[in-house]
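As they're listed, the protein sequences go chains A and B.
Quick note, the first sequence lines up with residues 21 to 462 if you use UniProt numbering.
Quick note, the second sequence lines up with residues 21 to 462 if you use UniProt numbering.
Note that beta-carbon positions come from the ideal geometry of N, C-alpha and C, so glycine has one too.
Encoded as C-alpha cells, the structure appears first; notes follow it.
Number of protein chains: 2
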Amino acid sequence: AQTPSVSAAEQDKLDAVADQALQSDAYAWDFVEGLTTEVGPRQSGTAAEQRARDWAKKWLTAQGFANVREEPFMMKTWVRGVEKAEVVSPFPQPLTLVALGNSAATPADGITAQVVGFDSYAALEAAPAGSLKGKIAFISHHMKRTQDGSGYGFAGPVRWTGPGLAASKGAVAAVIRSVGTDNHRTPHTGGTSFPDGVAPIPAAALSNPDADNLARMLERSDDVKLHLVLTPRNLGETKSGNVTAEIVGRDPSLPPVLLACHLDSWDLGTGAIDDGAGCAIIAAAAQHVAEAGQPLRTIRVLFAGAEETGVWGGKAYAKAHAKEPIAVGLESDFGADRIWQIRTNFAAGNEALHKALIQAVERFGVEGSTAIADNGEDLTIIHDQKTGHVDLAQDGTHYFDLHHTPDDTLDKIDPVQLRQNVAVWTQVVGLLSNEAGPIKPD
Amino acid sequence: AQTPSVSAAEQDKLDAVADQALQSDAYAWDFVEGLTTEVGPRQSGTAAEQRARDWAKKWLTAQGFANVREEPFMMKTWVRGVEKAEVVSPFPQPLTLVALGNSAATPADGITAQVVGFDSYAALEAAPAGSLKGKIAFISHHMKRTQDGSGYGFAGPVRWTGPGLAASKGAVAAVIRSVGTDNHRTPHTGGTSFPDGVAPIPAAALSNPDADNLARMLERSDDVKLHLVLTPRNLGETKSGNVTAEIVGRDPSLPPVLLACHLDSWDLGTGAIDDGAGCAIIAAAAQHVAEAGQPLRTIRVLFAGAEETGVWGGKAYAKAHAKEPIAVGLESDFGADRIWQIRTNFAAGNEALHKALIQAVERFGVEGSTAIADNGEDLTIIHDQKTGHVDLAQDGTHYFDLHHTPDDTLDKIDPVQLRQNVAVWTQVVGLLSNEAGPIKPD
Ligand SMILES: [Zn+2]
Ligand SMILES: [Zn+2]
Ligand SMILES: [Zn+2]
Ligand SMILES: [Zn+2]
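Okay, here's the thing in C-alpha cells:
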C-alpha cells in the first residue's frame, strides 16, 4: 500500500502553521473585510464584478502570489429593475419580494391578477394543464434547516424550475416563498430557468413573513388579487472572467492542487458568506502552506467568475485548461461557519492519504466520513478529469438564513469559525501539496 | 390602612380566568393575526389607518364590547417616497436606508455630497458651527441591548434630534445608524424633529450592517461621497382617530379603568409587536375579566391613533375627556414578550393594593418593584389627572431588533409569551376594576 510522502519534519511544520492560523490568521478576515467594504455586491457580468477582479488581483499580488491572471469570458447577463408587489384586494397592503434571475419583466405599470396558491412543488405539478391561465401562481414550499444543507436540495426546485412549471400551465407570473430558513423581510434571490418552448414569465421570491401573510390571506379568501411590478432586463452578452494565482511548487511539472471559490455574488448583499469567505479561506490557506516552506506541488487558486448565474467561470476554466492535469481539487462555497467533516473521493485507491488527512484535522473538531466527496460547482475540471477531490464540509445550519439575501454581509461572519476554516484548509492543502505520489491513483 | 375590597370569591374567579388565559387565551392571537393579515401596515393619518379603525370596531363589536366608538381628530401627515443611497466614491455600492418621519425631500434626482462621520451624538454636538456646510452628516451611535429598554433612551436622541442638530451646523442631509440592536438589512424608521428656525433636511437611517460598512469606508478615506434620493411628502392635515370600547361596570358612576395601546403602526412592517400586540393584550384581558363576572368599574379600552408620529391620539383623548376622572391607567406598547415586573405609582398612598397586585401576579413570574410607574405615551390623560398608573413591564431584550423595521411581523410573536401577558393583565385589570375604594388616593 501507498504511504503518504510527507516527512515527519514537514508534517510538524504544517501542524505548526495550521495551529497558528487557528489562533491568529489575519489574511482571511483582511480579504473578506476588504472585498465587502471596497467592492461590495459584485453580480456576474457587471462592472462591479470587474471591480472585484481588479481588487482581487491587487490583493493577491500584494500578498506575494505568483502568476496572478485574469481570464475573461463572455456571458449572458440579466439585471434587476424595479420590484414591487401589493395585495389589491381583499386586504390591500404591500409585500416584499425580489425578482429571480432570468425573470421576465412585467409592463412598467405592472400586472394585476388573481393568486392561486400551492403549498408544495408537488401540488403545482398536479395542477391541470392550462389551469393557471391568467393567474399568478404562488408556491409556498417550506425549507427545512439542516446542518449539511440538504434542505436546499429539497426546497431548491421550487426556485430552480417552479416558475417555469407554472408558466407551462398558463400562469402570467409566479411568486415563490423564499428558499431560506430565516423569518426576516429579506427575500432570497437566485436563478430560475424556463424549459425550452416556454416563454419566461415574471418570477419573484417573497420573504418568509410575506409568504406567511399571503398564505393566511388565501386561507380567508379565494379571490386574492396581486399587483406586481418587475422590470428586470437582459443586457445580452457582457464580459466576466476568472482570476487565478499560484504558490509555485518545488516541482512545477507535477499536477497542481486546485483551490476554488467564486468571486461574483448576488446583487442584494455584499457577498460575505457567498462567497467572499470562500475566496478568503482558500487564499489564506495557500499563504500559510507557503509559510511552512515551498510546497512540492504548485497550489493554484481559482476565483471563479459568474458562478451564481450558471457556473460560467468554472466551465470556462475547465474548457481553457482541459489539457492540464490537476492532482486534486477543493472548493469553499458554503459560508464561513466551522468545518465539521472531511470527505474524499480516493479512500478506495489511496486509503493511507485519506486516513492521514482525517487524522491531521481531528484536533480541529473535524470528523472523517466514508461518503464520497461530490464536486463543488466551480470544479467542473475535476469532474471532467475524474481526478482527486476533497470536500471540507462546513456547518450549514445558519447558511440558508442569509443565502442570496441582502443580509449576506460581513457582520454575519464569526472570526473564530473563519479561522477554524483556514486552519483545516492549511492542514489539508499542506499535506496534499507536499504529496509526491498520485493523490487519486487511476 | 386601606384594604383591597375584592372578596375572596371574586379573587378566586379572577385567578381562575387568568390561569385559563395563560393556558389557552385565543383572543389576543386572533386580534393580532387578523389585524396584521387583513390590514397590515397602518400609518397614522392614512387610509390604511382608517381601515384599521374599521377593522378594530368590527372586531370589538363582534366580541361583545359595549360603546364601540371612533373619535376622529385631524393631524399633519408625512409619507415616505423613493429612498435610495449609493456610495459614489471611492467604493461605489448601494446602501440600504429608510427616511425618518418629517425628513425633507431631496430633488427627484437626489443630491451628492461628502460624508462626515460622527461616532456619537456628543461628537456631533462638538462639531463647530457651520462646519457641516454642504456635507452629509453620518451619526453612528451604537445602541445597547437591555431588558428594560433603557438603551433606547441612550441612543434615541440620535434619531429624535440628531438630524436637526446636523442641519443647524449646515449639513445638507443626515444619515444615522439605525436605533436598533439587530444586524439585519432592515433599517429602523421613526420620527425626527427639527428645532424652530432650522429648515428640515433629508434624514434617513441606515441598517446596522450598512452603517458598519460606511464606517469602515470612512476609516479608509476622508473623501467618501454619497448619492442620496429621498422623496417623502407632507400631505398637510389628514384625518386620524381613536377607537374606544367598554366592558360596562356594575357601577358606571365610579371612575373607569383605562387600558391603552396604539392602533397605528409605522409603514414598513405590519405592526405586530408595535403595537398590534398591545391592543390584542388589553382587549383580551378585558374580555377575560368580564368572563369572571361583570366588574365593579367600567373597563375602557383606548386604541389610540397616530401615536408614532407625535401621540396625536393620546393627546386628543386627554383633551376630549379631560373632565371624566379615570381611576387608573395601564398601557401595553413594548412588544409581546413576557412581563417581568410590575410597578405602580400608588405604593405610598395605597400600599395594600400595591402589594395585592404584586402578590397576585407572582405565579406568572412577575416581580414587584419600588420604582414608580411612569406614564405610557398614550396615557396623557393619566398624566394630566395625576391619577393611578400601573406599569406591566415587558422584557425588551429583543424589542429593538424589530422596532420600526420591516421585520415587525406576526411571526415574531411567541404565542406562549403573548398569553403570559394576557394572563398578567387579566389578573391586574380584574383586581383594579373590582376595587371599590380609590386606587390612588390623593
Ligand atoms: Zn456560492
Ligand atoms: Zn450562491
Ligand atoms: Zn409603540
Ligand atoms: Zn413605535
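Could you check the C-alpha separation between residue i and residue j for me, to the nearest Å?
i: B/Gly349; j: A/Arg358; result: 52 Å
i: B/His341; j: A/Thr206; result: 44 Å
i: A/Ala21; j: A/Leu316; result: Confidence in A/Ala21 is poor, its pLDDT being 49 and thus under 50, which makes the residue's placement unreliable; the coordinate value appears in the next sentence. Each residue's alpha carbon lies about 22 Å from the other.
i: B/Arg89; j: A/Asp129; result: 39 Å
i: B/Lys259; j: B/Lys96; result: 9 Å
i: B/Leu322; j: B/Ile302; result: 9 Å
i: A/Phe420; j: A/Asp434; result: 16 Å
i: B/Lys343; j: A/Leu234; result: 45 Å
i: A/Ala367; j: A/Glu145; result: 40 Å
i: A/Gly137; j: A/Val195; result: 10 Å
i: A/Leu34; j: A/Ile392; result: 25 Å
i: B/His162; j: B/Arg197; result: 7 Å
i: A/Val52; j: A/Ala297; result: 6 Å
i: A/Gly171; j: A/Glu257; result: 34 Å
i: A/His403; j: A/Lys335; result: 11 Å
i: A/Ser25; j: A/Thr81; result: 31 Å
i: A/Gln40; j: A/Gly289; result: 31 Å
Contact criterion: CB-CB distance below 8 Å. Does residue i meet it with respect to chain B?
i: A/Thr116; result: yes
i: residue 10 of chain A; result: Absent from the model: residue 10 of chain A. The displayed extent of chain A is 21 to 462, so no value can be given.
i: A/Ala429; result: According to the sequence displayed, residue 429 of chain A carries Thr and not Ala. By this cut-off, A/Thr429 is an interface position.
i: A/Asp232; result: yes
i: A/Ala21; result: Note on A/Ala21: pLDDT 49, under 50, position unreliable in the model; the coordinate value appears next. No, A/Ala21 lies away from the interface with chain B (no Cβ there is under 8 Å from its Cβ).
i: A/Pro315; result: no
i: residue 520 of chain A; result: No statement about residue 520 of chain A is possible, as the shown extent of chain A runs from 21 to 462 and does not include it.
i: A/Pro222; result: no
i: A/Ser27; result: no
i: A/Pro426; result: yes
Check the Cβ-Cβ distances between residue i and every residue of chain A, and say whether any is below 8 Å.
i: B/Arg205; result: yes
i: B/Pro435; result: no
i: B/Arg358; result: no
i: B/Phe111; result: yes
i: B/Pro252; result: no
i: B/Arg100; result: no
i: B/Glu275; result: One point to set straight first is that residue 275 of chain B is Pro, not Glu, in the sequence displayed. Output row for B/Pro275: interface = no.
i: B/Pro92; result: no
i: B/Thr24; result: This sequence places Pro at residue 24 of chain B; Thr is not what is there. Not closer than 8 Å to any Cβ of chain A, the Cβ of B/Pro24 fails to qualify, so no.
i: B/Pro183; result: no
i: B/Pro458; result: no
i: B/Pro229; result: yes
i: B/Glu351; result: no
Round the Cβ separation of residue i and residue j to the nearest angstrom and send it over; I've been treating them as touching at under 8 Å.
i: B/His204; j: A/Asp427; result: 6 Å
i: A/Thr201; j: A/Arg236; result: A/Thr201 to A/Arg236, Cβ: 20 Å. No contact.
i: B/Ala310; j: B/Leu279; result: Their Cβ separation, rounded to whole angstroms, is 13 Å, which puts B/Ala310 and B/Leu279 out of contact at 8 Å.
i: A/Thr329; j: A/Gly121; result: 6 Å
i: A/Ile362; j: A/Leu412; result: 6 Å
i: A/Gln437; j: A/Ala356; result: 6 Å
i: A/Val37; j: A/Ala312; result: 5 Å
i: A/Leu422; j: A/Ala376; result: Wrong, their Cβ atoms sit about 34 Å apart, outside the cutoff.
Within the present structure, is the beta-carbon of residue i separated from the nearest heavy atom of ligand 6 by less than 7 Å?
i: A/His424; result: Of the ligands one can find in the structure shown, namely ligand 1, ligand 2, ligand 3 and ligand 4, none is ligand 6.
If we define contact as Cβ-Cβ less than 8 Å, is residue i a contact residue for chain D?
i: A/Trp49; result: Considering every chain present, this structure includes no chain D. Its protein chains are A and B.
Within the region 270–357 of chain B, note down every full alpha helix (DSSP H) run reaching 4 residues or more, in order along the chain.
-> 297–311, 332–340
Would you mind listing the alpha helix (DSSP H) stretches within the region 41–69 of chain B that are 4+ residues and don't spill past its ends, in chain order?
-> 47–58
Please go through the region 73–160 of chain B and give each complete beta strand (DSSP E) segment of 3 or more residues, from N-terminal end onward.
-> 86–99, 103–109, 113–115, 117–119, 131–138, 156–159
For the region 234–266 of chain A, which residues have a CB atom closer than 8 Å to at least one CB atom of chain B, in sequence order?
-> Arg236, Met237, Arg240
Output, in sequence order along the chain, the residues in the region 289–310 of chain A whose CB is closer than 8 Å to any CB in chain B.
-> Gly289, Thr290
Closer than 8 Å, Cβ to any Cβ of chain A: which residues of the region 52–86 of chain B, in chain order?
-> Glu53, Thr56, Thr57, Glu58, Val59, Gly60, Pro61, Ala68, Arg71
Length at least 3, wholly inside the region 159–200 of chain A: the beta strand (DSSP E) runs in chain order = 193–197
Counting only runs of 4+ residues fully inside the region 203–274 of chain B, write out the alpha helix (DSSP H) ranges in chain order.
-> 228–240
Write down every uninterrupted run of the beta strand (DSSP E) in the region 376–422 of chain B whose length is 3 residues or greater and which is fully enclosed by it, in chain order.
-> 387–392, 408–414
Which whole runs of the alpha helix (DSSP H) in the region 429–459 of chain B are 4 residues long or more, in chain order?
-> 435–453
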